[in-house]
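Novice: UniProt numbering puts the first residue of the sequence shown at 1, with every later residue one more than the last. We put the CB at the ideal spot given by N, CA and C, even for glycine. My questions will all concern the structure given below.
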Amino acid sequence: MLPNELLLEILHYLSTADLRNIASASRRLCALARTLLYAAIEIRPFVINANGHLCGLSAAREKALQDRLVVMGSPRVAPHIQLLKISAWRIKISHWPPRITRPVARPQPAGDVSRDPQAMLPSIFAVVVSLINLRTLTAEKVQFTPAALDALAQLQSLHTFSISDCTLHLPSSHSSCPILHVVHFEMYGGALHHWLALMAPAILREVHSSAPAGLEEATELASLPPFPHVTILHILSSKRLALAATLAPFPLLFPGLERLDVSNNNPFPNPRRDGDPPIGAPAEWVSDLPRFPQLKELVVREPAALLVLTMARVGVLDVVFTGVPPLLQSLASLPRVAFARITCLRLKLGRCDILGCELLSRLLSYFPVLEVCAIFLDLREGRQSVILLTTSLPACLPRALRALRLLAEDPHDPAYMWDMEVLPPDAVRDQLVARCPGLAYIDMRVPLFTLQWSAGPGAESELIGWER
1 MLPNELLLEI
11 LHYLSTADLR
21 NIASASRRLC
31 ALARTLLYAA
41 IEIRPFVINA
51 NGHLCGLSAA
61 REKALQDRLV
71 VMGSPRVAPH
81 IQLLKISAWR
91 IKISHWPPRI
101 TRPVARPQPA
111 GDVSRDPQAM
121 LPSIFAVVVS
131 LINLRTLTAE
141 KVQFTPAALD
151 ALAQLQSLHT
161 FSISDCTLHL
171 PSSHSSCPIL
181 HVVHFEMYGG
191 ALHHWLALMA
201 PAILREVHSS
211 APAGLEEATE
221 LASLPPFPHV
231 TILHILSSKR
241 LALAATLAPF
251 PLLFPGLERL
261 DVSNNNPFPN
271 PRRDGDPPIG
281 APAEWVSDLP
291 RFPQLKELVV
301 REPAALLVLT
311 MARVGVLDVV
321 FTGVPPLLQS
331 LASLPRVAFA
341 RITCLRLKLG
351 RCDILGCELL
361 SRLLSYFPVL
371 EVCAIFLDLR
381 EGRQSVILLT
391 TSLPACLPRA
401 LRALRLLAED
411 PHDPAYMWDM
421 EVLPPDAVRD
431 QLVARCPGLA
441 YIDMRVPLFT
451 LQWSAGPGAE
461 SELIGWER
């Protein structure tokens, strides 16, 4: 008979239906299959109707959920639940034309506007207390009451707590708030300072949140005790980022911050199209910005966030941008000393039309001590220029470079470029090594050209390992 460890590895490859069948074979297989069947649970205690309003479940669905909660809280199931997601049923309006046959679909969940949408939450959190091995809790549109927070405070195993559009309902008579033992906290929608006041400062390590809504919330954040062990902060902005007001409380709130990620809802922010011009940093603005003493890595998906380079000694810079000219204009507005310590650069350009050798030379000239460079291009036009860039790349690179990665994705057929003259990969490699004597790793994959070379084993993991 195989040991349990091997059987569990085999069971990981089975579907949910197959796991249910396996669980009926024997008691031993039932116990093993149960750890996978109940590892992740999703429950939906309310409904978002076609008008976008939150309403309660129908009587039949509420009874079915009650029965499911009884199973979840049983001693045979509760210890196996590691992820719990509380979300809403959604009723969608059909837009199928009348003459087109609709595909067969599952019946939409029925909601009852006369029922309280939060009525099932006390029963849910009464069961949550018994989930002794719960690692991740994700909640959407949930109203957290003192009883719900008390249940979460009893979970010593809780690692990740993620909420979206949730609210706190704490009566004024509720004097003391429970402390949540959470390592990773994610919050989108709502006031961040209310939730951070519930976290244990000695345990919290990572925070993902929407940007503070205004100066009042920033002031409230500044009044909280520091969280000395938080090393990663991700700020999501849905509109143009008021950098000074947004980041002002964080240096004191998170004194040990090592990685800062500032982004918006657009994966490729376009300053010219989205009305967010390249930054201009007056000297008095830079001098008034707060300082991050421990910050080592900066991830920028928002043009204004480049100002953080003047607030810390960043060694790793990760930039997602659209086009080189706007990026060069933003970099030119910052003092050169802001780039003096950057040794790793990861640049992702979306909807890239052209990246010539001259533009790339100007871009890399801002990073005199660069050792690791990774460039990702999302091609739309100017694909021939990428081939030309490949052959002229050695003259653009800083001499201290130790690792290079250049990737270009072309969604079109590159057959029209077969008649282009491309240098042999070995010749390009020799030029790169002659330009950068310390170069130990090369990975270039563009249309019609591939060069992958390493000076020795382990070079990739050592030099490109910082990449996330």
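1. Would you mind sorting A305 into buried or exposed? The rule is 16 or more other CB atoms within 10 Å of its CB.
2. In chain order, what residues of the same chain have a beta carbon less than 7 Å from the beta carbon of Y366, not counting five sequence neighbours either side?
3. Grab the span of the beta strand (DSSP E) containing V300 for me, first residue to last.
4. Can you name, in chain order, every residue of its own chain whose Cβ lies under 7 Å from the Cβ of R362, other than the five neighbours on each side?
5. So what's Q154 in DSSP terms, helix, strand or just coil?
6. Considering only residues of the UniProt domain "F-box" (1-41), which uninterrupted alpha helix (DSSP H) runs meet the minimum length of 4 residues and lie entirely inside it, listed in chain order?
7. Can you find the residues in the same chain that come closer than 8 Å, C-beta to C-beta, to I179, ignoring five residues on each side of it along the sequence?
8. If you reduce the DSSP assignment to three classes, tell me which class A283 lands in.
9. Give me, in chain order, the residues of the same chain whose beta-carbon lies closer than 6 Å to that of W195; leave out the 5 immediate sequence neighbours on both sides.
10. Do L36 and L57 count as a contact pair if the criterion is CB distance below 7 Å?
11. Quick one, which of V207, C344, F46 and T136 has its alpha-carbon nearest K296's?
12. Taking a contact to mean a Cβ-Cβ separation below 7 Å, would you say T16 touches L83 in this structure?
13. Which value, in whole angstroms, describes the spacing of the CA atoms of E220 and P212?
14. Can you name the residues that DSSP bridges to K348?
15. Report whether the distance from the Cβ of S114 to the nearest heavy atom of the ligand PLP is below 6 Å.
16. Out of E206, M311 and I203, point me to the one whose CA is closest to A248's CA.
17. Please return the same chain residues whose Cβ sits closer than 8 Å to the Cβ of I41, not counting the five positions on each side in sequence.
18. With distances taken Cα to Cα, identify the nearest neighbour of A33 among T160, I10, T138 and V316.
19. Note down the Cα distance separating V320 from V262, rounded to an integer number of angstroms.
20. What residues in its chain sit with their C-beta under 8 Å from that of L257, if we drop five residues either side in the sequence?
21. Go through its chain and collect everything with a Cβ distance to A78's Cβ below 6 Å, but skip five positions before and after it.
22. Quick one: what does DSSP say M444 is sitting in, helix, strand or coil?
23. My output table needs one value for K63: the three-state DSSP class, helix, strand or coil.
24. Please confirm whether V369 and A408 have their CB atoms less than 7 Å apart.
25. Give the secondary structure of T343 by DSSP, where H, G and I count as helix, E and B as strand, and everything else as coil.
26. Is the separation between the beta-carbon of I375 and that of L397 shorter than 7 Å?
27. Output yes or no for whether 7 Å exceeds the beta carbon distance between F185 and F227.
28. Residues in its own chain within less than 6 Å of T167 by CB, not counting five upstream and five downstream?
29. Using CA atoms only, rank isn't needed, just tell me which of P303, P225, E217 and L309 is closest to R259.
30. What separation, rounded to the nearest whole angstrom, lies between the Cα atoms of W55 and R346?
31. Should A427 be labelled buried (16 or more other beta-carbon atoms within 10 Å of its own) or exposed?
32. Since I believe G189 is in contact with D165 (beta carbons under 8 Å), could you give me their beta-carbon distance rounded to a whole number of angstroms?
33. Give the DSSP-derived three-state secondary structure of Q329 in the structure shown.
34. Give the list of continuous beta strand (DSSP E) stretches no shorter than 3 residues that lie fully inside the segment 185-246.
35. Are the CB atoms of S210 and L236 within a distance shorter than 7 Å?
Specialist: The structure says:
1. Around the beta carbon of A305, 16 or more other beta carbons sit within 10 angstroms, so the residue counts as buried.
2. Closer than 7 Å at the Cβ level, and outside the excluded window around Y366, lie L331 and F339.
3. DSSP places V300 inside the beta strand (DSSP E), whose first and last residues are E297 to V300.
4. Excluding residues within five positions, the ones whose Cβ falls inside 7 Å are L328.
5. In this structure, Q154 counts as coil in the three-state DSSP scheme.
6. Runs of the alpha helix (DSSP H) inside the UniProt domain "F-box" (1-41): 4-11, 16-23 and 27-37.
7. The answer, listed in chain order, is A153, L198, M199 and A200.
8. Per-residue confidence for A283 stands at a pLDDT of 42, beneath the threshold of 50, marking its modelled position as unreliable; no derived number is given.
9. Spatial neighbours of W195 in its own chain (CB-CB distance under 6 Å, excluding positions within 5 residues in sequence) are listed in chain order as M187.
10. Taking 7 Å as the cut-off, the beta carbon of L57 is found no closer than this to the beta carbon of L36.
11. Looking from the CA of K296, the closest CA among V207, C344, F46 and T136 belongs to C344.
12. For T16 and L83, no; Cβs fall outside 7 Å.
13. One C-alpha to the other measures close to 10 Å.
14. For K348, which the question treats as bridged, DSSP gives the partners V320 and F376.
15. Ligands in the displayed structure: none, and consequently the ligand PLP is not present.
16. Ranking E206, M311 and I203 by Cα distance to A248 puts M311 first.
17. The beta carbon of I41 lies closer than 8 Å to those of M72, I81, L83, L84 and K85 in the same chain, with the five residues before and after it left out.
18. It is I10 whose Cα lies nearest to the Cα of A33.
19. Cα to Cα, the separation comes out at about 11 Å.
20. Excluding residues up to 5 positions away in sequence, V230, T231, I232, L233, F250, P251, F292, Q294 and L295 lie with their Cβ nearer than 8 Å to the Cβ of L257 in the same chain.
21. Result list for A78: S130 and L131, in chain order.
22. In the structure shown, M444 adopts extended strand secondary structure according to DSSP, grouped into three states.
23. In this structure, DSSP gives K63 a helical state, which the three-state scheme calls helix.
24. No, Cβ-Cβ distance for V369 and A408 is not below 7 Å.
25. If DSSP states are grouped into helix, strand and coil, T343 belongs with coil.
26. No; because the gap between Cβ atoms is not below 7 Å, this pair is not in contact.
27. Judged by their CB atoms, F185 and F227 are not nearer to each other than the 7 Å cut-off.
28. Excluding positions up to five away in sequence, the list reads Q143.
29. Shortest Cα-Cα distance from R259 to any of P303, P225, E217 and L309 involves L309.
30. At residue 55 the sequence reads Cys, which differs from the Trp that was named. Rounded to whole angstroms, C55 to R346 spans 46 Å at the Cα level.
31. Classification for A427: exposed.
32. So it is a contact: roughly 4 Å between Cβ atoms.
33. In the displayed model, Q329 falls within a helix according to three-state DSSP.
34. Correct list: 206-210 and 232-237.
35. Yes; because the gap between Cβ atoms is below 7 Å, this pair is in contact.
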